[in-house]
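For the sequence shown, our numbering gives the first residue as 3, with consecutive numbering after it.
The C-beta atom is built at its ideal place from N, Cα and C for all residues, glycine as well.
This report refers to the structure that appears directly beneath it.
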Amino acid sequence: MARIGMDLGGTKIQVLLASLALAVACCTATTTRDNFQDWAWLSDVEARRRPPFRIFDNVAYVGLDWVSCYLIETSAGLILIDALYEPYTGILLDNIRTLGHDPADVAYVIVTHGHWDHAGGAAALQEKLGARIVMGATDWDLVGRDASSGHTRFKPAREDLALGDRETLTLGDTTLTFHLTPGHTDGSLSVEFPARDGETTWRALTYGGVGINFSDPKRLKTYSDSVRRIMARGPFAVSLTNHPGMARVFPRARDLAARRPGEPHPFVDPAAMATFLEQRLEAARRA
3 MARIGMDLGG TKIQVLLASL ALAVACCTAT TTRDNFQDWA WLSDVEARRR
53 PPFRIFDNVA YVGLDWVSCY LIETSAGLIL IDALYEPYTG ILLDNIRTLG
103 HDPADVAYVI VTHGHWDHAG GAAALQEKLG ARIVMGATDW DLVGRDASSG
153 HTRFKPARED LALGDRETLT LGDTTLTFHL TPGHTDGSLS VEFPARDGET
203 TWRALTYGGV GINFSDPKRL KTYSDSVRRI MARGPFAVSL TNHPGMARVF
253 PRARDLAARR PGEPHPFVDP AAMATFLEQR LEAARRA
């Protein structure tokens, strides 16, 4: 019962650069047909596929080469952070099975913000798995608007749970804390969760919406205020971003695979997290 409270190693470099460019474009601009000439790239299922891998004892990566999805394992079921987009929900479910889980055990899907690449698969997961969908309140409205517009139209999930700042969700032995971080979208929702490595538990964060896709001074202030709020609520030891390139997820995964007993965990990097947040403030100042 849940409680709610108030390997890139073999990838060619041009594919990596294309992935990063697409992530930057999706996070920093309004997505239109003119932004991306080769829309087939987005739907090339085998090219975007990445094998799932474990990051912590209770956290695994089940996303694509350019957009993230994290699986959190609890004593009472599974939680996903972000939903990918079609046609990739099939790959997502396969990745969950590869890790030894039944996708039917997914109880919650947390959507960090309402853009198509994070929210587009939520309806399929809602229908196929019966999972509850969690989003920031105003981003439910965003999904309703964006789902039927532009080249990236998608089927929206039925409106479900809307959580706000410092609200929590507990499933079994695991509690997630939500931090409302408007800016990228009005309802961007950052997710704090425990990342377990043996006997040690670290504070991990997936920041809700990183890109600056606007120039309005008032909105830039809102964005900066959100970053400062996360700084004040830290420190966070682990950054698992919703686009993998932003936190070097795949290079760190290679380092993790080569980790020897007693060596530090490659994903535990408080300094990198602090730098990431400082860089977001600087980007807002330059915008």
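Own chain, CB closer than 8 Å to residue i, minus 5 neighbours either side, in chain order
i: ARG205; result: GLU194, PRO196, ALA197, GLY236, PRO237, PHE238, ALA239 and VAL240
i: GLY12; result: Reliability of the predicted coordinates at GLY12 is poor, the pLDDT of 35 falling under 50, and the value obtained from them is presented with this limitation in mind. The answer is none, since no qualifying residue turns up.
Where residue i sits in the DSSP three-state scheme
i: PRO1; result: No answer is possible for residue 1: it lies beyond the span of the chain, which begins at 3 and ends at 289.
i: GLY211; result: coil
i: GLY146; result: helix
i: TRP68; result: coil
i: TYR63; result: strand
i: VAL229; result: helix
i: PHE156; result: coil
i: GLU88; result: coil
i: LEU173; result: strand
i: HIS120; result: helix
i: ARG221; result: helix
i: VAL108; result: strand
i: LEU242; result: coil
Cβ shell of residue i (< 6 Å), same chain only, five flanking positions each side left out
i: ASP141; result: HIS115, GLY116, THR187 and GLY189
i: GLY166; result: LEU182
i: THR32; result: For THR32, the pLDDT reaches just 40, beneath the cut-off of 50, and the residue's location in the model is therefore unreliable, leaving the point undetermined.
C-beta atoms of residue i and residue j nearer than 8 Å
i: VAL113; j: ILE135; result: yes
i: LEU73; j: LEU101; result: yes
i: LEU173; j: THR76; result: yes
i: VAL64; j: ASP119; result: no
i: ARG261; j: PRO272; result: no
i: LYS157; j: ALA164; result: no
Local Cβ density within 10 Å of residue i, reported as buried at 16 or more and exposed below that
i: GLY146; result: exposed
i: ARG52; result: buried
i: ALA25; result: Because the pLDDT at ALA25 is just 48, under 50, the model does not fix this residue reliably, and the value given afterwards should be weighed accordingly. The residue in question, ALA25, is buried, as its Cβ has 16 or more Cβ neighbours within 10 Å.
i: ALA23; result: Because the pLDDT at ALA23 is just 46, under 50, the model does not fix this residue reliably, and the value given afterwards should be weighed accordingly. So ALA23 ends up on the exposed side.
i: ARG99; result: exposed
Cβ-based neighbour list, residue i, same chain, cut-off 7 Å, excluding 5 preceding and 5 following
i: ILE214; result: THR30, TYR225, ALA285, ALA286 and ALA289
- Item | Touch test, the region 243-262 against the region 45-65, Cβ-Cβ under 8 Å, three pairs minimum | yes
- Message: Can you confirm whether the region 92-109 touches the region 219-238 when touching is taken to mean that 3 or more C-beta pairs between the two stretches lie within less than 8 Å?
- Response: no
- Task: Evaluate the contact criterion for the region 82-99 versus the region 211-224: three or more CB pairs, one atom per stretch, below 8 Å.
- Result: no
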